[in-house]
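Scroll down for the structure; my scribbles are underneath it.
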Amino acid sequence: MSDLKHALWTEARAAGFAKMGVCRPDAIPQAAGRLAEYVGAGRHGQMGWMEERMGWRGDPAELWPEARSVIMLAEVYTPDSDPLAALERRDRATISVYAQNRDYHDLVKKRLKRVGRWLLDRAPGHEIKVFVDTAPVMEKPLAEAAGLGWQGKHTNLLARDLGSWFFLGSIFTTLDLPLDAPEVDHCGSCTACLDICPTAAFPAPFQLDARLCISYLTIEHKGPVDPELRPKLGNRIYGCDDCLAVCPWNKFAQEATEMRYAARPELVSPPLEDLARLDDAGFRAMFSGSPIKRIGRDRFVRNVLYAIGNSGEKRLEPAAQSLTDDPDDAVADAARWAVERLR
Ligand code: B12
Ligand code: SF4
Ligand code: SF4
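For the sequence shown, my numbering gives the first residue as 753, with consecutive numbering after it.
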């Protein structure tokens, strides 16, 4: 490892990252074809932005032709209790681990910028660009190429020394940094993530049909959810952690050092009845600074109503009944569905 890269890793670790690796922007020649197949089969559902700038997304070398290295970084958010336990409390909501406190986009980006500025101070004349999640960059295959981990059968990146509870971020730079060796698959014969998926969203190992994934249905999907899928949402009202939570590699997960990912107590199994009452202002106040804010009150309450319909708790019927005339069509439809299920 060069002295600069070694010092960069020391700086990244001091900033809070758990792992770093470097690859070339052209290190993922397989990605463009796989992305095209995924989008061609319609597996992205309503995420129309995936069809835009496919050239950049599939080939990072096209996104920024002057870039010479991609620095991939992992940020840990390991929960301190078993996220699957919350699924049993049917009169309460389950919110995905990553969304129980501050929005990782903001926190990871700040750290990436700090590390990037440090690098520029030591390499005058060079440039950087930082990305986390929302840019047309395929972070998982890049992270695999940079040796951070491998894409498991659930399609997320996991690592032997981190498990699966970590976010990814990247720093593209014009600097030529020494490369890391790509990681290889260590899933072996395990199929735990495929077997637990409540909606059978994996058409094959390593492939996800987002249209069936509860994370997509509760976060990205606009309008009413297919009535056949609603019972499978259970009490999950934002995201889903099942396929990550069962992964045996999580016994090597590292503790999260960023306290702003630690669950806010009021977001651990909140009563469905309280959440159904949220109006726009109440929703925005409750989720300021949280990734949940992005989906807005209507989609959030729609999800809460599906969970009420799945709760089997007759006493929640009035909460659903009070929303059957909601101005938002998907909320009103979900409320009617919930009332019917509880009767
Ligand atoms: C779109 C998206 C989603 C969509 C679609 C997910 C998906 N798998 O495509 C939805 C909304 C469902 C989603 C859900 C989640 N997401 Co998301 N998501 C993204 C996003 C923005 C793009 C991913 C993408 O490019 N998908 C397109 C398809 C083509 O990618 P793919 O499924 O990975 O497909 C690959 C495989 O199918 C593979 N493949 C196909 N055949 C074969 C065969 C073999 C042998 C192999 C090895 C591979 C392989 O090739 C494809 C291309 O490499 C990334 C951020 C980013 N910019 O990269 C975050 C990201 C992947 N999400 C993240 C997280 C945390 C989640 C959730 C855990 C959140 C939650 N708790 O609800 C869930 C996990 C669900 C799951 N099992 O994937 C993290 C994952 C971190 C990590 N450690 O990997 C990311 C990287 C965001 C971040 N910056 O940290 N997500
Ligand atoms: S996040 Fe949940 S619904 Fe989506 S693939 Fe994983 S287990 Fe299935
Ligand atoms: S649960 Fe098993 S198959 Fe799925 S990612 Fe983890 S090791 Fe791989």
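C-beta atoms are modelled at their ideal positions from N, C-alpha and C, and glycine is treated no differently.
F954 places its beta carbon 8 Å or farther from that of V822. The DSSP-derived three-state label of C945 is helix.
Inclusion of A783 in the 7 Å shell around ligand 1 follows from its C-beta lying nearer than that to a non-hydrogen atom of the ligand. With 16 or more other Cβ atoms inside 10 Å of its own Cβ, V977 counts as buried.
In this structure P983 is exposed. Its beta-carbon is surrounded by fewer than 16 other beta-carbon atoms within 10 angstroms.
The three-state secondary structure of E827, taken from DSSP, is strand. In the three-state reduction of the DSSP assignment, P1023 falls in the strand class. Here K905 is buried. Its C-beta has 16 or more other C-beta atoms within 10 Å. Shown here, F918 sits in a strand according to DSSP, grouped into three states.
Every unbroken stretch of the beta strand (DSSP E) spanning 3 or more residues and falling wholly within the region 956 to 997 is given here in chain order: 988 to 990. G810: member of the alpha helix (DSSP H) spanning M806 to G810, first to last residue. Our two residues, A1084 and S916, have alpha carbons roughly 37 Å apart in a direct line.
In the structure shown, K905 adopts coil according to DSSP, grouped into three states. Spatial neighbours of A767 in its own chain (CB-CB distance under 6 Å, excluding positions within 5 residues in sequence) are listed in chain order as R863, R866 and V867.
The alpha-carbon separation between L909 and E879 amounts to approximately 27 Å.
Beyond the five residues adjoining it in sequence on each side, D778 comes within less than 8 Å, by CB distance, of D811, P812 and A813 in the same chain, given in chain order.
Look at F1035 here: in three-state DSSP terms it is helix. Only residues of its own chain outside the window of five on either side were considered, and among them E827, Y856 and V860 have a CB closer than 6 Å to the CB of F919, listed in chain order.
In this structure the region 836 to 845 does not lie against the region 802 to 811, because fewer than three pairs of beta carbons, one per stretch, are closer than 8 Å. Cβ contact annotation for V998 (same chain, cutoff 7 Å, sequence separation greater than five): A944, C945 and I948, in chain order. Distance from the C-beta of F1004 to the nearest heavy atom of ligand 1 is not below 7 Å. Residues with their Cβ less than 6 Å from any non-hydrogen atom of ligand 3, running along the chain, are G904, K905, H906, L910, C939, C942, T943, A944, C945, V998, C999, P1000 and W1001. Contact check for M799 against E972 passes: the beta carbons are separated by less than 8 Å. Contact between the region 1068 to 1083 and the region 1039 to 1056 is present, with at least three C-beta pairs closer than 8 Å. Relative to ligand 2, L836 has its C-beta separated by 7 Å or more from all heavy atoms. Using a C-beta cut-off of 8 Å, the region 1023 to 1033 makes contact with the region 1064 to 1073, since at least three inter-stretch Cβ pairs fall below that distance. In chain order, E896, G899, G901 and W902 place their CB closer than 6 Å to the CB of E935, counting only its own chain and leaving out the 5 sequence neighbours on each side. Secondary structure note for K861: its alpha helix (DSSP H) is the uninterrupted segment Y856 to R874.
DSSP, reduced to helix, strand and coil, places S821 within a strand of the structure shown. Residue state for R765 is assigned as helix, using DSSP reduced to three classes. According to the DSSP secondary-structure assignment, V882 is paired through a beta bridge with I923.
With fewer than 16 other beta carbons inside 10 angstroms of its own, M1011 counts as exposed.
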